[in-house]
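In terms of this note's numbering, the first sequence has 307 at position 156, counting the first letter as 1, and numbering is strictly consecutive. Each residue gets a CB set at the ideal place from its N, CA and C atoms; glycine is no exception.
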Amino acid sequence: MRIATWNVNSIRTRVGRVVDWLVRSDIDVLAMQEIKCKPEQFPYEAFENAGYKVVLHGLNQWNGVAFASKIVAEDVEIGFDGMPQFKEVSEARAIGATFNGVRLWSLYVPNGRTLEDPHYSYKLEWLEALASRIGEQVYHEPEIPLALMGDFNIAPLDTDVWNIDDFAGATHVSKPERQAFTAFEEIGLTDVIRPLVPTGYTYWDYQQLRFPKNEGMRIDFILGNDEFASRVTGASIEREERKGEGPSDHVPVVATIS
DNA sequence: ATGTCGCCTACGAGGCGA
């Protein structure tokens, strides 16, 4: 089974590219982030014509997460128990579903904006609540393969950004954010891509020629529990998808599991 | 270069988010 995660940055703008890539890459389950639409605006037909079913959580023009899969999604969960709100608004940042017995989450972690912004503390609280909720699941049902997939908006290592000196005082690399990321290791999840693809970015800003200069960030991850990780037989970061007409600013990250 | 995208409203261009 081939599983991928991709922050598509508007599915309506990029449906052709996304479906073409899915088919060409023989993907069974795709976790998408930033679909940026409500359910009634989602381009279902293009996916269905290619043999993919879609489940999604989208509230407005911001955020929005989804799965497209050849396999039927079971036990779909919108948000997670204890998910923090921002100013009493519950945002569309998490959807969970089971595919052939594999529990997957498509996650769009809050950006944080700046270290002083209310969105920064919201980001940390959101991550802590997620680790707490998933930690219970991993502890009580270790036999179920599980993976968190998505845009974490954290660069865990200094080498996950093009020049760490440019990130002094910035989000994505701060110690509290990196500690929040480490918490997922503490509950028993590991990055299943890094051992197989040790280097490479997953995101390049549209501005300032970031992609031609290869000034990117590695912020999109697939974190699996032991049962999931033991089944991983391959991984890739699809850098080619940042090229050409109308790319997302993120590229797909793929895991093959037995 | 404050250098780009994509969404919204509401019909042109500014505001917001990343």
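query, result
"Straight-line Cα distance separating LYS221 from LEU181", "9 Å"
"Where the beta strand (DSSP E) containing ILE305 begins and where it ends", "Counting along the chain, ILE305 falls outside any beta strand (DSSP E), and DSSP gives it neither H nor E."
"Identity of the residues DSSP links to LYS204 by a beta bridge", "SER220"
"Helix, strand or coil at TRP313 according to DSSP, with G and I counted as helix", "coil"
"Where GLU242 sits in the DSSP three-state scheme", "coil"
"Those residues which DSSP pairs with ALA406 across a bridge", "ILE154, ALA386"
"The region 229 to 241 touching the region 269 to 284, judged by at least three CB pairs closer than 8 Å", "yes"
"Through-space distance from HIS291 to THR353, alpha-carbon basis", "32 Å"
"ILE370: CB within 7 Å of a non-hydrogen atom of the ligand FAD", "By its list of ligands, the structure shown contains no ligand whatsoever, and the ligand FAD lies outside what it can speak to."
"Proximity below 8 Å, CB of ASN314 to CB of GLY263", "no"
"Neighbourhood of PRO296 by C-beta, 8 Å cutoff - its chain only, sequence neighbours within 5 removed", "GLY252, VAL253, ARG254, GLY375, ASN376, GLU378, PHE379, ARG382, ILE408"
"Euclidean distance between Cα positions of GLY385 and ARG345", "11 Å"
"Local Cβ density within 10 Å of ALA184, reported as buried at 16 or more and exposed below that", "Correcting the residue type first, residue 184 is Gln in the shown sequence and not Ala. GLN184 comes out buried."
"Residue burial classification, ARG369 (beta-carbon count within 10 angstroms, cutoff 16)", "buried"
"DSSP-derived helix/strand/coil call for GLU337", "helix"
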